[in-house]
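Residue numbers (the working numbering): 14 to 299. All residues carry an ideal CB built from backbone N, CA and C; glycine is no exception. Computed from a predicted model, the values in this text were never measured in an experiment. First up is the structure itself, then whatever we jot down about it.
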C-alpha cells in the first residue's frame, strides 16, 4: 500500500512557509550586516587632512580646523569633532600622562569660527580651557563618523606650541613721598616689583625701571635701573632669592631735586617679550 498523496492546499502552505523562512533569514542577515542601522557599511572612510590649530592670546581663544574629503559613496557625516590634550612631557598631568582638556564639535556652516559654508573645512573657535598663562604644547586629535557607521573612525592630529608668553608685573612698591634729608646726608628707599612669567621665573631676563626726574630728564642716563631677585637684603634689599620679588635700595641725596619722580617698571624675558609698563610716582618734598 503506497503513501497517500499530500493534499494540494497543504503542499502550497508548506511551499509558502519555506519561502517566508528564507526571506526572514535574508532580512536578518542583511540587517546585522548593516550594523543594526539599516545602512550598509562601507570600507571607505572620510579623509581628514590639513589640520590647522592656532591660539590668540589677545582673547584667549583657540582655533581648530580640518579639511574633510568624502568618498563618492558617502553623502554625509554623522559627527566631526576635535579633542585637545596637553602634550606628554610638557603639560602632562601629575602622572606624566596625556590629559584631555576639552572636546569641541566642528562645523562647516560658517558659524562659531568656521569661515565659509560647505567648503569642506570644518572648524571652530572656542575659549581656552587652560589655566591663565599656561605655556608649552597642546595636541589636537580630529575625529569623524559617517552616517550609519559609527564603528569606523577617521582621525588625524596636530600639535600646537603655544607662543612664548610675556612676563607680567603683578605689583610694585616704593615710597609715595620722601622728604629731603639734611645736608650731606641721604635717605634709603627700597623699590620692589613682583613679577611672574607664564613660562616660568627662569625665563625672566631682566626687571627694572626708568626714573623721569622733575626737570624732565631721565636718571641713569635713561638706562634701566635694574632690580634683582638674589636674596641679598643688605646690598640690594632683596629678602628671598627666586621668589619673583625683584628689589633695589635707592638712595635719595640731600641735593636731589624736589618734585615729582615718575618710575616706569618693565620686565623682559629671554625671548625678548616685554611686559606691560607699570607706573609709580614718588614726590620729593623739602
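Spatial neighbours of residue i in its chain, beta-carbon cut-off 7 Å, leaving aside the 5 residues before and after
i	result
residue 273	227, 294 and 296
residue 152	98, 100, 170 and 172
residue 262	201, 203, 249 and 250
residue 42	In this prediction, residue 42 scores a pLDDT of 40, lower than 50, which makes its location untrustworthy; the coordinate-derived value is nonetheless stated afterwards. Excluding residues within five positions, none has a Cβ falling inside 7 Å.
Chain-order list of residues whose beta-carbon lies under 6 Å from that of residue i (same chain, five-residue window excluded)
i	result
residue 275	225 and 294
residue 196	267
residue 281	218, 219 and 287
residue 102	Reliability of the predicted coordinates at residue 102 is poor, the pLDDT of 42 falling under 50, and the value obtained from them is presented with this limitation in mind. Once the five neighbours on either side are set aside, residue 102 has no close Cβ partner at all.
Nearest-angstrom beta carbon gap, residue j and residue i [assumed within contact, 8 Å]
i	j	result
residue 125	residue 138	6 Å
residue 299	residue 191	With a Cβ gap of about 11 Å, residue 299 and residue 191 do not count as contacting.
residue 119	residue 188	Actually they are not in contact, since the Cβ atoms of residue 119 and residue 188 sit about 56 Å apart, beyond 8 Å.
Terminal residues of the beta strand (DSSP E) in which residue i lies
i	result
residue 282	272-282
residue 221	217-225
residue 294	291-298
residue 236	From DSSP, residue 236 is part of no beta strand (DSSP E); its letter is neither H nor E.
residue 65	60-69
Residue i and residue j closer than 8 Å at C-beta
i	j	result
residue 83	residue 64	no
residue 278	residue 291	yes
residue 159	residue 61	no
residue 238	residue 253	no
residue 74	residue 122	no
residue 93	residue 157	yes
residue 258	residue 205	yes
residue 155	residue 208	no
residue 229	residue 241	no
Neighbourhood of residue i by C-beta, 8 Å cutoff - its chain only, sequence neighbours within 5 removed
i	result
residue 285	none
residue 265	191, 193, 194, 199, 200, 201, 202 and 297
residue 116	94, 95, 96 and 97
residue 233	223 and 224
residue 231	223, 224 and 225
residue 255	214, 242 and 244
Heavy atom of the ligand ADP within 7 Å of residue i beta-carbon
i	result
residue 170	By its list of ligands, the structure shown contains no ligand whatsoever, and the ligand ADP lies outside what it can speak to.
- prompt: Counting pairs of Cβ atoms below 8 Å between the stretch 181-188 and the stretch 247-255, do you hit three or more?
  reply: Contact between the stretch 181-188 and the stretch 247-255 is absent: fewer than three C-beta pairs spanning the two stretches fall below 8 Å.
Stretch pair the stretch 169-180 + the stretch 66-77: three plus CB contacts closer than 8 Å: Yes: at least three Cβ pairs fall under 8 Å.
- request: Decide yes or no for the touch test of the stretch 164-174 against the stretch 204-219: beta carbon pairs closer than 8 Å, at least 3 of them.
  value: No, they do not touch.
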